[in-house]
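Colleague:
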Amino acid sequence: MNAIFTRSSVRAFEDKPVEREKIELILKAAMSAPTAVNQRPWEFFIITNREKLEKLSKVSPYAGMTAKAPAAIVICYRRDCRLPEFAHIDCSIAAENIWLEFEELGLGGVMLGVAPYDDRIKLAGEIIELPENLVAFTIIPFGYPKSKHEQKDRFESDRVHWIE
Ligand SMILES: Cc1cc2nc3c(=O)[nH]c(=O)nc-3n(C[C@H](O)[C@H](O)[C@H](O)COP(=O)(O)O)c2cc1C
433 MNAIFTRSSV
443 RAFEDKPVER
453 EKIELILKAA
463 MSAPTAVNQR
473 PWEFFIITNR
483 EKLEKLSKVS
493 PYAGMTAKAP
503 AAIVICYRRD
513 CRLPEFAHID
523 CSIAAENIWL
533 EFEELGLGGV
543 MLGVAPYDDR
553 IKLAGEIIEL
563 PENLVAFTII
573 PFGYPKSKHE
583 QKDRFESDRV
593 HWIE
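In short: position in the sequence shown from 1, add 432, done, that's the numbering used here.
#1: When the Cα atoms are used, what is the spatial distance from ASP551 to GLY538?
#2: Going by the C-beta, is GLY545 closer than 7 Å to any heavy atom of ligand 1?
#3: Can you say whether SER589 is buried or exposed, counting buried as having 16 or more other CB atoms within 10 angstroms of its CB?
#4: Could you round the C-beta distance between ILE572 and ILE521 to whole angstroms and report it? I think they count as a contact, below 8 Å.
#5: CA-CA distance, ARG514 and THR467?
#6: Looking at the strands, I want to know which residues DSSP matches up with GLY557.
#7: State the Cα-Cα distance for the pair LYS580 and PHE587, rounded to the nearest angstrom.
#8: With DSSP as the reference, please indicate the residues paired to CYS508 in a beta bridge.
#9: For ILE595, count neighbouring Cβ atoms within 10 angstroms of its own Cβ and tell me buried if that reaches 16, exposed if not.
#10: The alpha helix (DSSP H) that contains ARG452, what's its start and end?
#11: Shortest alpha-carbon distance to SER492 belongs to which of GLN583, MET543, ARG482, ARG591?
#12: To the nearest whole angstrom, what separates the beta carbons of ARG443 and MET497, a pair I think is in contact under 8 Å?
#13: Give me whichever residues DSSP pairs with GLY575 in a beta bridge.
#14: Using 10 angstroms around the beta-carbon of GLU533, count the other beta-carbons present and answer buried if the total reaches 16, otherwise exposed.
#15: With three or more beta-carbon pairs closer than 8 Å as the criterion, would you say the region 553-566 touches the region 458-473?
Here you go:
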C-alpha cells in the first residue's frame, strides 16, 4: 500500500519509451477497478504518436506536458453502457489504479481534466478519432519521471467525523 502514500503527479519525463509489458500491466491494473453494476464502461487508448501527443497537449490550457511525454493514456467510456451516470466515477477509479501501478513500476503521470467540459471532450475525441459511441474522459500523459515531488502527509483529523 506504500504506493498510495508515495504517489504524486509527474509532469516532466525522461526521453525514454515505456516498455509494452509495463503498459499492459498498467491496463490490467486499470481493468481490475470496480465499476457500477460491473458495467466496465471504459476503453483505453494508448498514444505514442508524437503528432497526436502534441495535439492532445492543446486540449486544455493545463495539458502542455503531454507534448513532451513519451506516451499518454486516454480513458474513454461507452455512451451506451448500462448506467452512464456512473461512467465518470468508474473511469476515475480506473485512473487511480493506473497511478498506483505507475508507482509500482517506477513510472509517473498526471490526470488531466477533460470531462465534464464538452469542448475538451469534443477536441480530444476528434484528435484520437473516436467513434460516436465513445466519450473521452481524461488524458494521462506518463513515462519515466524526470522529477517528482514528495507527497506530504495530508491527513487532517478535523475532516474526520466519528459518530459513535
Ligand atoms: C480530476 C482531476 C483533474 C486534474 N487536471 C489536471 C490538469 O488539467 N493539469 C494538471 O497539470 N494536473 C491536473 N490534475 C492533477 C492535480 O493538479 C494534482 O493531482 C493535485 O495538485 C495534487 O497533487 P498530486 O497529484 O501530486 O498529489 C488533475 C487531477 C484531478 C484529480
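For each residue, glycine too, the CB sits at the ideal point set by N, CA and C.
Modeller: Once the coordinates are examined:
#1: Along the sequence shown, read from residue 1 onward, the residue named residue 551 stands at position 119. Along the sequence shown, read from residue 1 onward, the residue named residue 538 stands at position 106. Going by the C-alpha atoms only, they are around 33 Å apart.
#2: What you label residue 545 is simply residue 113 of the sequence shown in a count that begins at 1. Under cutoff, so the answer is yes.
#3: As a working note, residue 589 is residue 157 in the sequence shown. Per the 10 Å Cβ criterion, exposed.
#4: Locating residue 572 in the sequence shown gives position 140, where the first residue counts as 1. Locating residue 521 in the sequence shown gives position 89, where the first residue counts as 1. With 8 Å as the limit, ILE572 and ILE521 do not qualify as a contact, their Cβ atoms being about 17 Å apart.
#5: Here residue 514 refers to the residue found at position 82 of the sequence shown. Here residue 467 refers to the residue found at position 35 of the sequence shown. Cα-Cα distance, rounded: 11 Å.
#6: Residue 557 sits at position 125 when you count from the first residue of the sequence shown. Paired residues: none, contrary to the question.
#7: If you number the sequence shown from 1, residue 580 lands on position 148. If you number the sequence shown from 1, residue 587 lands on position 155. In a straight line, the C-alpha of LYS580 is about 20 Å away from that of PHE587.
#8: Against the sequence shown, residue 508 aligns to sequence position 76. In DSSP, CYS508 forms a bridge with GLU475, ALA568.
#9: Locating residue 595 in the sequence shown gives position 163, where the first residue counts as 1. So ILE595 ends up on the exposed side.
#10: Working through the sequence shown from its first residue, we reach residue 452 at position 20. ARG452 -> alpha helix (DSSP H) spans 452-462.
#11: Numbered from 1 along the sequence shown, position 60 holds the residue referred to as residue 492. It is MET543 whose Cα lies nearest to the Cα of SER492.
#12: To locate residue 443, count along the sequence shown from 1; it is residue 11. To locate residue 497, count along the sequence shown from 1; it is residue 65. Yes, ARG443 and MET497 are in contact; Cβ-Cβ is about 4 Å, under 8 Å.
#13: By 1-based counting over the sequence shown, the position of residue 575 is 143. GLY575 pairs with GLY540.
#14: Residue mapping note: residue 533 aligns to position 101 of the sequence shown, counting from 1. GLU533 is buried by the Cβ-count criterion.
#15: no
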